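Working notes, beginning with the structure itself.
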Amino acid sequence: MKRLILSKNEYDAMIETIEIQSNQYLMRKIVAGQREVNAAKLQSHDLINLDKDNE
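Quick note on numbering: full-length UniProt numbering labels position 51 of the sequence shown as 51, and the sequence is numbered without any gaps.
Structure, rendered in C-alpha coordinates:
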(Lines of atoms letter the chains of each structure in order from A and count residues from 1; the text may use other names and numbers.)
(Lines give C-alpha, C1' and ligand atoms only; values in the text may rest on other atoms or scores of the structure.)
Protein backbone atom coordinates (compact mmCIF):
# COMPACT_ATOMS: atom_id res chain seq x y z
CA MET A 1 0.00 0.00 0.00
CA LYS A 2 1.40 3.37 -1.04
CA ARG A 3 0.66 6.51 0.91
CA LEU A 4 0.70 10.13 -0.03
CA ILE A 5 1.15 13.01 2.35
CA LEU A 6 -0.31 16.39 1.40
CA SER A 7 -0.32 19.67 3.24
CA LYS A 8 -3.72 21.20 3.98
CA ASN A 9 -3.14 23.78 1.22
CA GLU A 10 -2.25 21.07 -1.31
CA TYR A 11 -5.30 19.02 -0.31
CA ASP A 12 -7.60 22.05 -0.54
CA ALA A 13 -6.19 22.93 -3.99
CA MET A 14 -6.70 19.36 -5.19
CA ILE A 15 -10.33 19.31 -3.97
CA GLU A 16 -11.02 22.69 -5.58
CA THR A 17 -9.55 21.47 -8.89
CA ILE A 18 -11.74 18.36 -8.78
CA GLU A 19 -14.82 20.48 -8.04
CA ILE A 20 -14.07 22.85 -10.93
CA GLN A 21 -13.42 19.97 -13.34
CA SER A 22 -16.72 18.41 -12.27
CA ASN A 23 -18.66 21.59 -13.11
CA GLN A 24 -19.60 21.56 -16.81
CA TYR A 25 -20.47 25.27 -16.86
CA LEU A 26 -17.08 26.32 -15.47
CA MET A 27 -15.22 23.94 -17.78
CA ARG A 28 -17.03 25.39 -20.83
CA LYS A 29 -16.02 28.90 -19.70
CA ILE A 30 -12.40 27.81 -19.22
CA VAL A 31 -12.25 26.13 -22.63
CA ALA A 32 -13.81 29.20 -24.29
CA GLY A 33 -11.21 31.40 -22.62
CA GLN A 34 -8.41 29.14 -23.76
CA ARG A 35 -9.73 29.30 -27.34
CA GLU A 36 -9.76 33.11 -27.18
CA VAL A 37 -6.15 33.13 -25.99
CA ASN A 38 -5.10 30.70 -28.72
CA ALA A 39 -6.87 32.81 -31.35
CA ALA A 40 -5.21 35.99 -29.97
CA LYS A 41 -8.63 37.54 -29.34
CA LEU A 42 -7.39 39.44 -26.32
CA GLN A 43 -7.82 42.98 -25.11
CA SER A 44 -5.71 44.75 -22.53
CA HIS A 45 -7.22 47.07 -19.94
CA ASP A 46 -5.77 49.36 -17.33
CA LEU A 47 -6.25 48.20 -13.77
CA ILE A 48 -8.48 50.28 -11.57
CA ASN A 49 -8.16 50.74 -7.84
CA LEU A 50 -11.41 49.76 -6.14
CA ASP A 51 -10.00 50.40 -2.69
CA LYS A 52 -10.82 54.06 -2.06
CA ASP A 53 -8.70 54.06 1.14
CA ASN A 54 -5.51 53.83 -0.94
CA GLU A 55 -6.09 57.01 -2.94
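Ideal Cβ placement from N, Cα and C applies to all residues, glycine included.
Remember, predicted model here, so these are calculated numbers, not experimental data.
Any idea what DSSP makes of Gln-43, helix, strand or coil? Walking along the sequence shown from the start, residue 43 turns up at place 43. In the three-state scheme derived from DSSP, where H, G and I count as helix and E and B as strand, Gln-43 is classed as coil.
Along the chain, where does the alpha helix (DSSP H) that runs through Asn-9 open and close? Indexing the sequence shown from 1 puts residue 9 at position 9. Segment 8-21, the alpha helix (DSSP H) holding Asn-9.
Determine the DSSP secondary structure at Ile-5, reduced to helix, strand or coil. Start at 1 with the first residue of the sequence shown, and residue 5 comes out as number 5. In the three-state DSSP reduction, Ile-5 falls in the coil class, being neither helix nor strand.
Report, in whole angstroms, the separation of the C-beta atoms of Leu-26 and Ile-18, which I expect to be a contact under 8 Å. The residue labelled residue 26 in the question sits at position 26 within the sequence shown. The residue labelled residue 18 in the question sits at position 18 within the sequence shown. The Cβ separation is near 12 Å, so there is no contact.
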